[in-house]
Structures are given as structure tokens and as C-alpha cells.
Amino acid sequence: MPKKPKKAAPKTGPEDDSQKNRLTVRVAESAASEERALTPEDIEAVFKGKNRVHFEGLGDAWGVLTGQNPAAVMPQIMGTVLHAGGTRPPWQWKRRGREYVVMAWPQDQPVRAAVLLAGDEGEKLRPVTVVPLLEGLPNDLTVEEVHPWESGDGANVAVNMIDGENPMWFYDPLYRRDCDDLTPGVTHTFLLAGLAYGMRKALLDELTITDGPRYEAHARAWLAENPEKKRLDVPPLKVRVAGRHIIMPGRNFCEYQMRALVEDVQDVQLENIPVKLVYLRFPFEGREDVRLPVYAPKTVLGDFVPEAGKEVDAYVWLQGRIIDFEEDANA
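With the first letter of the sequence shown counted as 1, position 56 gets the number 70 in this note's numbering; the numbers rise by one all the way through.
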């Protein structure tokens with residue numbers, strides 16, 4: 015991470031979320047997260063989005079992005095942002111007698127470290143939280159539900175993708191700015207992006223399911239066609255996944271398992287941390303495709319190099335915010 019700036023970081027400021035939450039992501043070889051791997055028996059529950067929780071901490075994101083203990087590097091990151099970072103008009107606002115400013119660094123990269131400062135109008139602003147700020151691509155999405163974090167400085171936002179189905183959730187780092195506009199039923203253009211907690215070459219052409227509601231339906235249909243057979247004779251259910259674009263809910267809200275074809279890859283960096291910017295696209299019936307840039311740091315990829323035209327499996331944390339206006343302003 016960055017060298018300590020000559021100007022000392024402020025001594026006042028909040029304890030970062032990562033100091034309260036131990037890093038739970040263990041990045042295994044070839045970017046497969048051993049702790050997050052799902053068994054075939056979990057597939058049905060995954061598709062239904064069961065057993066998820068609203069994890070309110072940024073330790074996982076900072077851990078995979080920096081490859082270091084978040085609690086150890088947060089003061090250094092905050093000091094660098096406050097010393098060398100910049101801001102934009104859309105990142106400054108006032109709400110109910112409070113003033114807010116987001117400072118971000120570095121200025122010339124789409125993946126940044128950002129510090130939210132807040133205070134009463136006319137008073138000194140103090141650091142509130144430190145977040146990875148990911149530049150996303152614009153997607154028109156309809157708000158369905160909002161889950162503000164207990165701290166009030168961020169929120170998980172659900173948007174409708176297919177009527178009657180589970181919504182898609184992402185973390186809004188500028189919730190303090192966006193909160194009054196996040197009304198259920200209202201459509202906004204969101205800048206949507208993802209941070210890969212794991213990414214690897216797509217290995218399986220099909221999934222084998224041996225339990226759960228989907229398998230039970232398969233078993234009933236198979237026994238009806240083969241009345242002379244017994245339950246123990248029912249073969250496993252095979253689900254073809256090669257060539258498909260798949261988004262399945264992950265362990266926590268805002269986290270998803272994905273399979274997709276890589277459209278393009280670019281090299282970016284957070285100072286000296288190399289990051290692959292991997293562009294994915296997910297088609298949905300009856301609506302525009304979702305365009306998703308996914309940031310995959312070297313700490314996650316290991317020796318794997320994603321390539322355009324190849325399929326990848328990934329575990330991704332989603333982030334989004336209402337589109338920034340005055341995009342031509344200098345950061």
C-alpha cells in the first residue's frame with residue numbers, strides 16, 4: 015500500500031469497520047474461496063437466496079483488495095486519501111443540517127480508496143468511514159428495498175430484475191447522499207460494479223444435484239416414467255452450465271456467485287496493487303442487459319489471467335450508487 019505521507023493523518027476518526035469484524039474470506043489457490051464453496055446440495059437454497067445475512071462491514075473488501083489485515087492498513091489508507099486525494103461536486107452535499115464530503119485517491123484510476131467526512135454545517139468535518147470506491151457502468155434499475163447499515167453511513171439496496179423473483183442487492187457507499195431518492199418503485203441510473211472475492215477459469219460444464227426441491231421434482235418425474243424402478247435407482251440431476259450467464263445469491267446480501275463470458279479486460283491499479291478490470295454482461299428477458307465491470311486484484315487472481323472470450327467463475331461483492339452528475343469535473 016502507499017507510503018506514509020509527510021503530512022500526518024488526523025488522529026481523530028472512527029474505528030474502521032474492519033477492526034470490529036475479522037476477515038472471513040480466505041483466498042485459496044487459483045482464487046477459489048475455500049470457505050465460500052458450495053456443495054451440490056446447496057444449489058437449490060442458493061438459487062432461492064436463502065440463509066443470507068446483511069453483513070455490515072468492509073473488512074472482506076479491504077482484505078482482498080490490499081492482501082493485508084484491514085485493521086493494520088486502514089490508518090495508512092485514510093492518511094493517504096486525506097493528504098493526496100481529491101473530491102468532485104457530486105461528492106459534496108448537505109442534508110438536514112449536516113455537511114458531507116467524499117475524498118478519493120488516486121485521481122486517475124477507476125478503483126479508489128475513499129473517505130467520507132461529515133460534520134454540522136459550518137463546523138469541522140471529521141472522517142466517518144473508509145470505503146473502496148469502484149467506478150461502475152450505468153444501468154437503469156428499479157429500487158425495491160433498502161437496508162440501511164446500523165452506522166447509517168452505507169446501505170444495502172435491492173433492485174428489481176425480474177418480477178416475482180428475488181431482487182439483486184448491492185452496497186451503496188454514498189447512501190448518505192442517495193437516501194432521499196432510494197424510493198421503492200422508482201427507477202434510477204446506477205453506477206454498478208463488483209469486487210471479486212474469487213475468480214477462476216470456469217471448470218465445470220454441468221452441476222450435479224442430488225438433493226433439494228429441484229432434485230425431488232426430477233425424481234418424481236423420473237419414477238413416473240420408470241414405474242418398475244425404485245427410489246434408489248433415480249440418477250442424479252445434471253444441470254448444464256457451459257455457455258450460460260448465471261448469477262446466484264452468495265453467503266451475504268450483495269455477494270453473488272457468477273459465471274459469465276469475459277467481454278474485455280483492462281489493467282488498472284490502486285497505487286502499487288495491480289488489478290484486472292474484467293467486463294461482464296448478463297442478459298435478462300424483458301429488460302436491458304446488466305453491464306458489470308468486476309475488479310479482480312492480484313491477491314485474488316494469483317497466477318490466473320482472465321481473457322476476453324473465455325468463461326470465468328467468480329464470487330463478487332456488488333457496489334452501486336446513483337449516477338454522479340458533472341462527470342467531467344476533475345477529481
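Don't be surprised by glycine CBs; every beta carbon is placed ideally from N, CA and C. Being a predicted model, the structure only gives us computed values, none of them experimental.
Check	Outcome
Hey, quick one: how far does the beta strand (DSSP E) through Trp331 stretch, first residue to last?	Glu325 to Ile336
From Glu164 to Glu70, what distance separates their C-alpha atoms?	8 Å
Note down, in chain order, each residue of its chain lying with its Cβ closer than 6 Å to the Cβ of Leu188, except the 5 sequence neighbours on either side.	Arg335
Since Val282 and Leu294 are thought to touch, with beta carbons under 8 Å apart, how far apart are those beta carbons, to the nearest angstrom?	That pair is no contact at about 16 Å.
State the start and end residues of the unbroken beta strand (DSSP E) segment that holds Pro89.	First-last for Pro89: Pro84 to Ala98, but that is the alpha helix (DSSP H), not the beta strand (DSSP E).
Rounded to whole angstroms, what is the Cα-Cα separation between Asp192 and Trp107?	10 Å
So Ala128 and Met117 are in contact, right, with Cβ under 8 Å, and what is the actual spacing, rounded?	7 Å
Using CA atoms only, rank isn't needed, just tell me which of Pro320, Trp119, Gly199 and Arg273 is closest to Lys290.	Pro320
Tell me whether Glu285 sits in a helix, a strand or coil according to DSSP, three-state version.	coil
Can you check whether the CB of Gln123 is closer than 8 Å to the CB of Gly100?	no
For the segment 171-180 against the segment 140-147, do three or more pairs of beta-carbon atoms, one drawn from each stretch, fall closer than 8 Å, so that the two count as touching?	no
Tell me the rounded alpha-carbon separation between Val125 and Gly300.	32 Å
Do Tyr114 and Arg190 have their C-beta atoms within less than 8 Å of each other?	yes
Is Thr197 near Thr156, with beta carbons less than 8 Å apart?	no
As an exercise, report each continuous beta strand (DSSP E) stretch of at least 3 residues that is fully enclosed by the segment 246-277, in chain order.	251-254, 260-263 and 269-275
Indicate whether at least one CB of chain D lies closer than 8 Å to the CB of Leu196.	Of the protein chains in this structure there is only one, and it is not chain D.
Are at least three pairs of beta-carbons, each pair with one atom in the segment 203-220 and one in the segment 327-334, less than 8 Å apart?	yes
Give a yes or no on whether the C-beta atoms belonging to Met92 and Pro141 are separated by under 8 Å.	yes
From the DSSP output, which residues share a beta bridge with Ala210?	Val330
Figure out for me which residue from Cys268, Met272 and Pro250 has the closest Cα to the Cα of Met4.	Nothing in the structure corresponds to residue 4, since the chain is present only between 15 and 345.
Could you check if Val326 is buried or exposed, using at least 16 other CB atoms within 10 Å of its CB as the buried criterion?	buried
Where does Trp119 sit, in a helix, a strand or coil, going by DSSP?	strand
Output the boundary residues of the alpha helix (DSSP H) element that contains Lys108.	Lys108 -> not in any alpha helix (DSSP H); beta strand (DSSP E) instead, spanning Gln106 to Arg109.
How long is the line joining the alpha carbons of Thr224 and Asn266, rounded to whole angstroms?	24 Å
Over what stretch of residues does the alpha helix (DSSP H) that includes Trp3 continue unbroken?	Only positions 15 to 345 of the chain appear in the structure, and residue 3 is not among them; the question remains open.
Tell me where the beta strand (DSSP E) around Asp303 begins and ends.	Arg301 to Pro311
How far does the alpha helix (DSSP H) with Arg102 in it extend, from its first residue to its last?	Note, Arg102: premise wrong, no alpha helix (DSSP H); not H, not E.
Taking the alpha-carbon of Thr143 as reference, which of Asp167, Asp134, Glu137 and Leu151 has the nearest alpha-carbon?	Asp167
Cα separation between Tyr329 and Pro249?	29 Å
Is Ala118 near the ligand COA - that is, is its Cβ less than 7 Å away from at least one heavy atom of it?	Ligands in the displayed structure: none, and consequently the ligand COA is not present.
Give the DSSP-derived three-state secondary structure of Leu188 in the structure shown.	coil
On the DSSP bridge assignment, give the partners of Asn65 in chain order.	Bridge partners of Asn65: none, in fact.
DSSP three-state label for Leu237, please.	helix
For Glu135, which residues in the same chain have their Cβ closer than 8 Å to its Cβ, ignoring the five residues on either side in sequence?	Lys108, Gly111, Arg112 and Glu113
In the structure shown, what three-state DSSP assignment does Leu139 receive?	coil
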